[in-house]
Amino acid sequence: MQTVKPTAEMLAEWKRIFEAYHAAMKPNRKTGTEVDQYFRNKYAHQVFNDAAFQEIVALNITENAFSRNKLPKGVLPNIKSYKTGNALVGIDLSTGEFHIESENIEEVMPLHADLFVYRGLDEEDLKNIFLVAEYVKLTQN
102 MQTVKPTAEM LAEWKRIFEA YHAAMKPNRK TGTEVDQYFR NKYAHQVFND
152 AAFQEIVALN ITENAFSRNK LPKGVLPNIK SYKTGNALVG IDLSTGEFHI
202 ESENIEEVMP LHADLFVYRG LDEEDLKNIF LVAEYVKLTQ N
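This is the structure in structure tokens:
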């Protein structure tokens, strides 16, 4: 989860990690249903059927080209949403993309990291320097 503006040093570190690891990595991305099931099985939660929040999650997918390209042709986001602790979590069953909102970003960073690592990376993700570097850093800790 990137929460600050990247610096030249950060970019250089991401590139170094990418160059060291990406060639050996294989796609391992889970489906949206798998991400949703993992979340529900691991975290205490309440279903949060809020149309406005679900629309925000869907728009985060459809208005971002990288995320939108993960949608199968003709398929719209299918959002399931939950409350866990002080966070709202939206998971798209169509793509595995997820969105977390909280007033305390530090509190939800472990949740974001866990879902990100569990979900894994697909072929397109493996071309993204930041996603590869983030995945490597999180899986080596």
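My numbering numbers the first residue of the sequence shown as 102 and each following residue consecutively. No residue lacks a Cβ here, since even glycine has one placed at the ideal position from N, Cα and C.
{"Item": "Scan the stretch 148–204 and note each continuous alpha helix (DSSP H) run of 4 residues or more that stays entirely inside, going in chain order.", "Value": "152–163 and 166–169"}
{"Item": "Put L222 into one of helix, strand or coil per three-state DSSP.", "Value": "coil"}
{"Item": "So, is P211 buried or exposed, given that buried needs 16 or more other C-beta atoms within 10 angstroms?", "Value": "exposed"}
{"Item": "Have a look at G186, T163, A188 and K184 and flag the residue whose alpha-carbon is nearest the alpha-carbon of V176.", "Value": "T163"}
{"Item": "Kindly indicate which residue of K116, M111 and Y122 has the alpha-carbon position closest to the one of Q241.", "Value": "Y122"}
{"Item": "Cα-Cα, which of E204, L160, N150 and P173 is closest to K181?", "Value": "N150"}
{"Item": "Does DSSP put N142 in a helix, in a strand, or in coil?", "Value": "helix"}
{"Item": "To the nearest angstrom, report how far apart A234 and M111 are at their CA atoms.", "Value": "10 Å"}
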